[in-house]
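Novice: Sharing a structure here in structure tokens format.
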Amino acid sequence: MKATSRANHLQRLSIVPLRFPRGWIRSLSIARWQRYCKVPDPLVKFALPGAEWSLQFDEAAVSMLQRRMQRWSRSKESVGQLFTNDLTASTIVISKVTSLKARHASWSSVAFDPIEAMRQRQDLLQEGLYCIGLWHTHPEAMPTPSGTDERLAADHARAAISVLNGFTFVIVGNRPFPEGWYVGFHDTARFLKAEFSRS
């Protein structure tokens with residue numbers, strides 16, 4: 407059917423062809439992504455049962471980690487470190503989240519260079535920021551530590567035992583914060599899962 411005859415046919419059927427503005431699909435996707443990544447409550451705190459202290463992520467930290475979620479089938483795991491500027495507060499605030507270059511990354515695993523991680527810690531220590539943990543992503547809604555995760559967390563907990571009672575380990579799943587995150591602490595012997603609450 408020629409273009410003119412097709413237009414006349416549509417007109418007779420009272421059908422008006424839809425005309426969308428250029429870039430509307432991309433705009434819609436960005437808007438949907440921004441709603442998905444919106445921080446639901448900046449006052450969420452994580453704590454171990456009976457603990458007198460808690461852990462909190464500032465809004466910039468949450469937003470950064472939300473952007474790293476593995477939402478697509480071809481996305482790879484990513485990894486980084488968690489920093490705070492006060493180790494003595496009753497509520498320890500994660501105010502800096504960094505990324506580490508992956509030596510290897512796939513949909514279900516990631517590895518980083520420990521030398522780069524140490525260099526990053528030393529650089530940020532000059533700014534008064536202390537590394538208290540690691541984060542990485544998992545391609546699942548409700549993430550849990552793997553055997554590799556447990557060994558990694560235990561190694562770092564033992565290395566930091568002189569300054570930290572426990573090493574923070576965060577796994578970012580593909581559901582929004584905080585339900586889609588695993589936040590735990592390793593005390594060199596075991597993983598302790600923290601529960602979240604809203605202030």
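Quick note, the sequence shown lines up with residues 407 to 605 if you use our numbering.
Each residue gets a CB set at the ideal place from its N, CA and C atoms; glycine is no exception.
Taking 7 Å as the line, does the beta carbon of R509 fall inside it for any heavy atom of the ligand COA?
Specialist: Of ligands this structure carries none, so the ligand COA is not represented either.
Novice: Could you check what DSSP says for I498 in three-state terms: helix, strand or coil?
Specialist: Position 92 of the sequence shown, counted from the first residue, corresponds to residue 498. Looking at I498 - three-state DSSP - the assignment turns out to be strand.
Novice: Tell me the rounded alpha-carbon separation between T490 and G534.
Specialist: Along the sequence shown, read from residue 1 onward, the residue named residue 490 stands at position 84. Along the sequence shown, read from residue 1 onward, the residue named residue 534 stands at position 128. So the alpha carbons of these two residues sit roughly 8 Å apart.
Novice: So D593 and G572 are supposed to be a Cβ contact under 8 Å. How far apart are they, rounded?
Specialist: In the sequence shown, counting from the first residue as 1, residue 593 sits at position 187. In the sequence shown, counting from the first residue as 1, residue 572 sits at position 166. The Cβ separation is near 5 Å, so the contact holds.
Novice: Determine the direct distance from the alpha carbon of S552 to that of K482, and round the result to whole angstroms.
Specialist: The residue you call residue 482 lines up with position 76 of the sequence shown. The residue you call residue 552 lines up with position 146 of the sequence shown. Approximately 16 Å between the Cα atoms of the pair.
Novice: Taking contact to mean 3 or more Cβ pairs, one atom from each stretch, closer than 8 Å, check whether the segment 465-480 and the segment 519-536 are in contact.
Specialist: no
Novice: Can you list, in chain order, the stretches of the alpha helix (DSSP H) that have 4 or more residues and sit fully within the segment 457-537?
Specialist: 465-473, 520-531
Novice: Specify the secondary structure class of L598 as computed by DSSP and reduced to three states.
Specialist: Translated into the one-based positions of the sequence shown, residue 598 becomes position 192. Strand, per DSSP.
Novice: Run the CB neighbour count on W459, radius 10 Å, all protein chains shown included, and call it buried at 16 or more, exposed below.
Specialist: As a working note, residue 459 is residue 53 in the sequence shown. When all chains shown are included, W459 counts as exposed.
Novice: Going by alpha carbons, who is nearest to V589 out of Q528, H542, A511?
Specialist: Your numbering for residue 589 matches position 183 in the sequence shown. It is H542 whose Cα lies nearest to the Cα of V589.
Novice: By how many angstroms is the C-alpha of H562 removed from the C-alpha of L570?
Specialist: As a first step, residue 570 is located in the sequence shown; it is residue number 164 there, counting from the start. As a first step, residue 562 is located in the sequence shown; it is residue number 156 there, counting from the start. Whole-angstrom Cα-Cα distance: 10 Å.
Novice: Ordered along the chain, which non-local residues of its own chain (more than five positions away) have a Cβ less than 7 Å from that of M470?
Specialist: Sequence index remark: in the sequence shown, residue 470 carries index 64 (1-based). Same-chain partners within the cutoff: V503.
Novice: On the criterion of 16 or more Cβ atoms from any shown chain inside 10 Å, does T497 qualify as buried, or is it exposed?
Specialist: The sequence position of residue 497 within the sequence shown is 91, counting from 1. Label assigned to T497: exposed.
Novice: What does DSSP give as the partner residues of A560 in its beta bridges?
Specialist: Locating residue 560 in the sequence shown gives position 154, counting from the first residue. DSSP lists no partner for A560.
Novice: Looking at the strands, I want to know which residues DSSP matches up with I577.
Specialist: Sequence index remark: in the sequence shown, residue 577 carries index 171 (1-based). I577 pairs with H542, Y588.
Novice: Using C-beta distances below 7 Å, list every residue in its chain close to A560, excluding the 5 sequence neighbours before and after it, in chain order.
Specialist: Here the question's residue 560 lines up with position 154 in the sequence shown. Cβ within range, chain order: H592, T594.
Novice: If you draw a straight line from the C-alpha of Q462 to the C-alpha of T550, how long is it?
Specialist: The residue given as residue 462 occupies position 56 in the sequence shown. The residue given as residue 550 occupies position 144 in the sequence shown. In a straight line, the C-alpha of Q462 is about 20 Å away from that of T550.
Novice: So what does DSSP say about A547, is it helix, strand or coil?
Specialist: Translated into the one-based positions of the sequence shown, residue 547 becomes position 141. A547: coil per DSSP, three-state reduction.
Novice: Quick one: measure Cβ to Cβ for L540 and F575, integer angstroms, because I've assumed they're closer than 8 Å.
Specialist: Taking the sequence shown and counting its residues from 1, one reaches residue 540 at position 134. Taking the sequence shown and counting its residues from 1, one reaches residue 575 at position 169. L540 to F575, Cβ: 6 Å. Contact.
Novice: Give every residue of the same chain whose Cβ lies closer than 7 Å to the Cβ of A566, excluding the five residues on either side of it in the sequence, and list them in chain order.
Specialist: Translated into positions along the sequence shown, residue 566 becomes position 160. Excluding positions up to five away in sequence, the list reads F573.
Novice: When DSSP labels each residue in this structure, what does A565 get in the three-state scheme?
Specialist: Taking the first residue of the sequence shown as 1, we reach residue 565 at position 159. A565 falls in the helix class under three-state DSSP.
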